[in-house]
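Protein chains in written order, with the working numbering: chain A, 1 to 196; chain B, 1001 to 1196. We put the beta carbon where it would ideally sit given N, CA and C, even for glycine. If you're wondering where the values come from, they're calculated on a predicted model, not measured in any experiment. Scroll down for the structure; my scribbles are underneath it.
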DNA sequence: GTAGTTTGCCTAATGCCTTTAGGCAAATGC
DNA sequence: GCATTTGCCTAAAGGCATTAGGCAAACTAC
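So, in structure tokens, the structure goes:
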């Protein structure tokens, strides 16, 4: 039986493409096998399980996204960098909705530890160098931005900002404006316990 | 054959509970049937499909969440309302991770139109009354907050802010502080095209 | 080049999930 | 009470995930 020349990396890439075509949720070992012209069980020579496939696609997407983010923010600072970084996430999600969903896949702790997640965090932290934030507030800001980027993009992709005025592109821009202003005027920590 | 007394609403609630137990992704018609003590095909008297079940659970969760949000913001304004609203989302997600995930399920346009999604939007808009924002900027702020609430909570739940310092509770509080400050000092629209 | 070993492909098989069809009897309506 | 509707069941079919074992290509060592 001639070998089809499959590799784990190749299957991961094919899986990522399939994800963008049919949606990450619809990616199956069976469909991938059909796409590669081999029988379903053959894929188990290269993949441990369906979950293994999804994990690999997720890691691939996170890496790809981090590479784009790194390129986009290189040589930029302050507001320029903030906009560039945010746009990377939004553009990637719109160009590659399946991969973007994959990047949101719940990884097990071990896989997560080896993922590009930390790169994303570092890149976000890097753009904050253009703002005057203390160590701790920088971490808060990283998480705020991370949450906003992901949340806005996810809601938008899900149609949450559907065809209503103003369009979501404007909201995106104004949100980035607002966040830039916020980062330039980050409020000091309150004196006592605040709320909960 | 005695009737088990199943109803669509009852199955939806049982499905929501199952979601919190095993995770929304693991909810199946088969498991629900086992839980109710009936055969799998029996459920098709009350549910159109597995997707119908998930859609119903999603609508249920969105409604439940909107009720909680309405209660929490009633009689509050400004920063107090902002914190209360944000906390509803975060608390719900932590208490009911499966239902929260269900609330994020991609509904088809028809189901989405009849969902509590618009209530959520209105509630967020309502808390913004305590801030001086123009009509359009209010919408931008609704989307920014919606994105942040969802994004932060989702990343947190996924372990994205794992056991590192400062803990995510502090980041949550500081983020709400920051957003309150932002809303009180919302930047005016820039003169010309900004960025993209 | 040859022999032994490893590896990647296949088919068969198993089990789980989703769904449909048709039968039977409980429940409902007149 | 009778006719109709409805909710339960079993049987069946198809799809997906996965394992086991066989065969031959590919690799390694001498």
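If you draw a straight line from the C-alpha of residue i to the C-alpha of residue j, how long is it?
i, j, result
"residue 139 of chain A", "residue 1171 of chain B", "8 Å"
"residue 1109 of chain B", "residue 1062 of chain B", "15 Å"
"residue 1056 of chain B", "residue 1122 of chain B", "22 Å"
"residue 99 of chain A", "residue 1177 of chain B", "33 Å"
"residue 74 of chain A", "residue 60 of chain A", "21 Å"
"residue 152 of chain A", "residue 179 of chain A", "13 Å"
"residue 163 of chain A", "residue 154 of chain A", "16 Å"
"residue 1041 of chain B", "residue 1051 of chain B", "15 Å"
"residue 1183 of chain B", "residue 1120 of chain B", "19 Å"
"residue 181 of chain A", "residue 1187 of chain B", "7 Å"
"residue 118 of chain A", "residue 1161 of chain B", "10 Å"
"residue 83 of chain A", "residue 168 of chain A", "15 Å"
"residue 3 of chain A", "residue 1003 of chain B", "57 Å"
"residue 1049 of chain B", "residue 189 of chain A", "51 Å"
"residue 1090 of chain B", "residue 1125 of chain B", "18 Å"
"residue 80 of chain A", "residue 173 of chain A", "12 Å"
"residue 1210 of chain B", "residue 145 of chain A", "Beyond the ends of chain B as shown, which are 1001 and 1196, falls residue 1210 of chain B; an answer cannot be given."
"residue 104 of chain A", "residue 46 of chain A", "23 Å"
"residue 1021 of chain B", "residue 1150 of chain B", "21 Å"
"residue 36 of chain A", "residue 1070 of chain B", "51 Å"
"residue 185 of chain A", "residue 1185 of chain B", "10 Å"
"residue 1058 of chain B", "residue 53 of chain A", "27 Å"
Cβ of residue i within 8 Å of Cβ of residue j?
i, j, result
"residue 1024 of chain B", "residue 147 of chain A", "no"
"residue 1143 of chain B", "residue 175 of chain A", "yes"
"residue 1141 of chain B", "residue 106 of chain A", "no"
"residue 1044 of chain B", "residue 1068 of chain B", "no"
"residue 1088 of chain B", "residue 1072 of chain B", "yes"
So residue i and residue j are in contact, right, with Cβ under 8 Å, and what is the actual spacing, rounded?
i, j, result
"residue 127 of chain A", "residue 85 of chain A", "5 Å"
"residue 1102 of chain B", "residue 1019 of chain B", "5 Å"
"residue 6 of chain A", "residue 38 of chain A", "7 Å"
"residue 1097 of chain B", "residue 136 of chain A", "At roughly 28 Å, the Cβ-Cβ gap does not stay under 8 Å, so residue 1097 of chain B and residue 136 of chain A are not in contact."
Quiz item: Quick one: any contact between the stretch 27–38 of chain A and the stretch 7–17 of chain A, if contact means 3 or more CB pairs under 8 Å?
Solution: Output reads yes: the stretch 7–17 of chain A touches the stretch 27–38 of chain A.
Quiz item: According to a CB-to-CB cut-off of less than 7 Å, which residues of the stretch 1089–1110 of chain B neighbour chain A?
Solution: Hits within the stretch, in order: 1106.
Quiz item: Using 8 Å as the Cβ pair cut-off and three pairs as the minimum, do the stretch 129–138 of chain A and the stretch 97–116 of chain A touch?
Solution: Taking 8 Å as the limit for Cβ pairs, the verdict is that the stretch 97–116 of chain A does not touch the stretch 129–138 of chain A.
Quiz item: Just by C-beta distance, which residues in the stretch 14–39 of chain A are closer than 8 Å to chain B?
Solution: Going along the stretch 14–39 of chain A in chain order, one finds no residue with a Cβ nearer than 8 Å to chain B.
Practice problem: Please list the residues of the stretch 162–177 of chain A that have a C-beta atom closer than 9 Å to any C-beta atom in chain B, keeping them in chain order. | Solution: Residues of the stretch 162–177 of chain A whose Cβ lies closer than 9 Å to any Cβ of chain B, in chain order: 162, 164, 165, 166, 168, 169, 170, 171, 172, 173, 174, 175, 176 and 177.
Quiz item: Using Cβ-Cβ distances below 8 Å, what residues of the stretch 1115–1141 of chain B are close to chain A?
Solution: Residues 1117, 1136, 1137, 1139, 1140 and 1141.
Practice problem: Select from the stretch 1043–1068 of chain B all residues with a C-beta closer than 9 Å to any C-beta belonging to chain A, and list them in chain order. | Solution: Contact residues of the stretch 1043–1068 of chain B toward chain A are absent (C-beta to C-beta distance below 9 Å).
Quiz prompt | Near-chain A residues of the stretch 1141–1153 of chain B (beta-carbon distance less than 8 Å), N- to C-terminal order | solution = From the stretch 1141–1153 of chain B, only 1141, 1143, 1144, 1146, 1147, 1148, 1149, 1150, 1151, 1152 and 1153 have a Cβ closer than 8 Å to chain A.
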